[in-house]
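Per the numbering used here, the sequence shown starts with residue 2, numbered consecutively.
Glycine is no exception: its CB is placed at the ideal position from the N, C-alpha and C atoms.
See structure below.
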Amino acid sequence: GREAYPGDVFYLHSRLLERAAKMNKENGSGSLTALPIIETQAGDVSAYIPTNVISITDGQIFLETNLFYQGIRPAINVGLSVSRVGSAAQTKAMKKVSGSIKLELAQYREMAAFAQFGSDLDASTQKLLNRGARLTELLKQAQFSPLPFEEQTASIFAGTNGYLDSIPVKDVTRYEELMLAYLRHDHADVLTAIRDSKDLGDDAKGKLKAALDSFGKTFA
């Protein structure tokens with residue numbers, strides 16, 4: 002319990018994290034980011050040390066062992082992960098395409114846990130489960146394989162706008178790889194427009210939709 006920790010543990014955490022700083026021009030500019038890593042006991046995020054650090058930081062990424070062993074990597078629990086910075090750190094394009102994805106994934110994980118106990122699912126629940134399974138597959142990422150921002154935008158746009166709904170879950174990764182290769186080769190102007198403007202304007206959005214529609218007809 003809490004009484005097992007010294008009374009100044011909050012002060013100790015604060016003092017460590019206050020080493021993070023952003024210097025003004027007079028002091029040489031630059032910044033130092035603190036990234037504390039806390040190990041939970043049996044995934045209990047409500048224990049004293051995790052909640053203590055959470056109350057100080059600007060958000061947290063909660064990683065789960067179960068998700069890791071299910072092949073969901075990075076193994077992020079979207080329901081318990083929070084950013085107090087929010088969309089302020091995102092580009093306009095990313096805000097537009099990813100606005101609903103956190104909620105959809107959180108609902109999917111919660112619903113999937115209940116769905117395994119019952120077979121009679123209504124159409125809306127089944128649709129949520131289908132979409133969630135495909136979004137989860139879409140967000141899996143191999144180690145040391147970062148994606149350019151404009152390609153992330155295109156992939157998430159495809160996922161949140163139903164282009165994956167008819168694709169078998171096992172084919173989602175292949176769909177993404179081939180779709181991005183198709184965009185790079187035949188529609189590089191769309192990716193360039195997104196990258197340069199950092200936005201998904203009506204013109205770029207229309208072209209991206211047309212490109213995805215065209216690719217969908219050839220994917221098999």
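#1: How about S30 and A21: do their beta carbons lie closer than 9 Å?
#2: Which residue from M112, D45, T92 and L139 puts its Cα closest to that of P169?
#3: Alpha carbon to alpha carbon, what distance is there between K210 and N78?
#4: E151 and I102 - do their beta-carbons sit closer together than 9 Å?
#5: Short check: CB of P51 to CB of I39, under 9 Å?
#6: Whose C-alpha, out of Q142, E111 and V54, is nearest the C-alpha of R175?
#7: If you reduce the DSSP assignment to three classes, tell me which class I39 lands in.
#8: Tell me whether the beta-carbon of T154 lies closer than 9 Å to the beta-carbon of M112.
#9: For E106 and T137, I'd like the C-alpha separation in whole angstroms.
#10: Exposed or buried, Y6, counting other C-beta atoms within 10 Å across all chains shown (16 or more means buried)?
#11: Could you compute how far the alpha carbon of N131 sits from the alpha carbon of D204?
#12: Please return the same chain residues whose Cβ sits closer than 8 Å to the Cβ of Y109, not counting the five positions on each side in sequence.
#13: Just the C-alpha distance for E177 and S146, rounded to the nearest angstrom, thanks.
#14: Skipping 5 residues on each side, what residues in its chain have a beta carbon closer than 6 Å to that of T92?
#15: Excluding five sequence neighbours on each side, which residues of the same chain lie with their C-beta closer than 6 Å to the C-beta of S99?
#16: Go through its chain and collect everything with a Cβ distance to S82's Cβ below 8 Å, but skip five positions before and after it.
#17: Would K171 and V191 qualify as a contact pair, given that the criterion is a beta-carbon distance under 9 Å?
#18: Under 9 Å between the Cβ atoms of H188 and A221?
#19: What number of angstroms, rounded off, separates the C-alpha of S47 from the C-alpha of A89?
#20: Report the three-state DSSP secondary structure of A89 (helix, strand or coil).
Reading off the structure:
#1: Working through the sequence shown from its first residue, we reach residue 30 at position 29. Working through the sequence shown from its first residue, we reach residue 21 at position 20. S30 is not a Cβ neighbour of A21, given a cutoff of 9 Å.
#2: Along the sequence shown, one-based indexing puts residue 169 at 168. Measuring from the Cα of P169, the nearest candidate turns out to be L139.
#3: Mapped onto the sequence shown, residue 78 falls at position 77. Mapped onto the sequence shown, residue 210 falls at position 209. If you take the alpha carbons of N78 and K210, they lie about 30 Å apart.
#4: For the purposes of this step, residue 102 is taken as residue 101 along the sequence shown, with counting starting at 1. For the purposes of this step, residue 151 is taken as residue 150 along the sequence shown, with counting starting at 1. Against a cut-off of 9 Å, the Cβ pair of E151 and I102 comes out as no contact.
#5: Taking the sequence shown and counting its residues from 1, one reaches residue 51 at position 50. Taking the sequence shown and counting its residues from 1, one reaches residue 39 at position 38. Cβ distance < 9 Å, so P51 and I39 count as in contact.
#6: The residue given as residue 175 occupies position 174 in the sequence shown. The shortest Cα separation from R175 among Q142, E111 and V54 belongs to Q142.
#7: Taking the sequence shown and counting its residues from 1, one reaches residue 39 at position 38. Of the three classes helix, strand and coil, the one that applies to I39 here is coil, per DSSP.
#8: The residue you call residue 154 lines up with position 153 of the sequence shown. The residue you call residue 112 lines up with position 111 of the sequence shown. No.
#9: What you label residue 106 is simply residue 105 of the sequence shown in a count that begins at 1. What you label residue 137 is simply residue 136 of the sequence shown in a count that begins at 1. A small fix is needed here, since residue 106 is Leu in this sequence, not Glu. C-alpha separation (whole angstroms): 7 Å.
#10: As a working mapping, residue 6 is identified with position 5 in the sequence shown. Around the beta carbon of Y6, fewer than 16 other beta carbons lie within 10 angstroms, which makes this residue exposed.
#11: Translated into the one-based positions of the sequence shown, residue 131 becomes position 130. Translated into the one-based positions of the sequence shown, residue 204 becomes position 203. The alpha-carbon atoms of N131 and D204 are separated by roughly 30 Å.
#12: Position 108 of the sequence shown, counting from 1, holds the residue named residue 109. If we look at Y109 and ignore the five residues flanking it on each side, its Cβ neighbours are L129, L130, R132, G133, A134, L136 and T137.
#13: Sequence index remark: in the sequence shown, residue 177 carries index 176 (1-based). Sequence index remark: in the sequence shown, residue 146 carries index 145 (1-based). For E177 and S146, the distance between alpha carbons rounds to 14 Å.
#14: Residue 92 sits at position 91 when you count from the first residue of the sequence shown. Around T92: K199.
#15: The residue labelled residue 99 in the question sits at position 98 within the sequence shown. Once the five neighbours on either side are set aside, the close Cβ partners of S99 are I157.
#16: Counting from one through the sequence shown, the residue named residue 82 turns up at place 81. Taken in chain order, the residues that qualify are G60, Q61, I62 and F63.
#17: Residue numbering aside, residue 171 sits at position 170 when the sequence shown is read from its first letter. Residue numbering aside, residue 191 sits at position 190 when the sequence shown is read from its first letter. With contacts defined by Cβ atoms closer than 9 Å, K171 and V191 do not form a contacting pair.
#18: On the sequence shown, position 187 is the one that residue 188 refers to. On the sequence shown, position 220 is the one that residue 221 refers to. Between H188 and A221, the C-beta spacing is not below 9 Å.
#19: For the purposes of this step, residue 47 is identified with residue 46 of the sequence shown, where counting begins at 1. For the purposes of this step, residue 89 is identified with residue 88 of the sequence shown, where counting begins at 1. Taking the straight line from one Cα to the other gives about 27 Å.
#20: Looking up residue 89 in the sequence shown gives position 88. DSSP places A89 within a helical segment (H, G or I) once states are collapsed to three.
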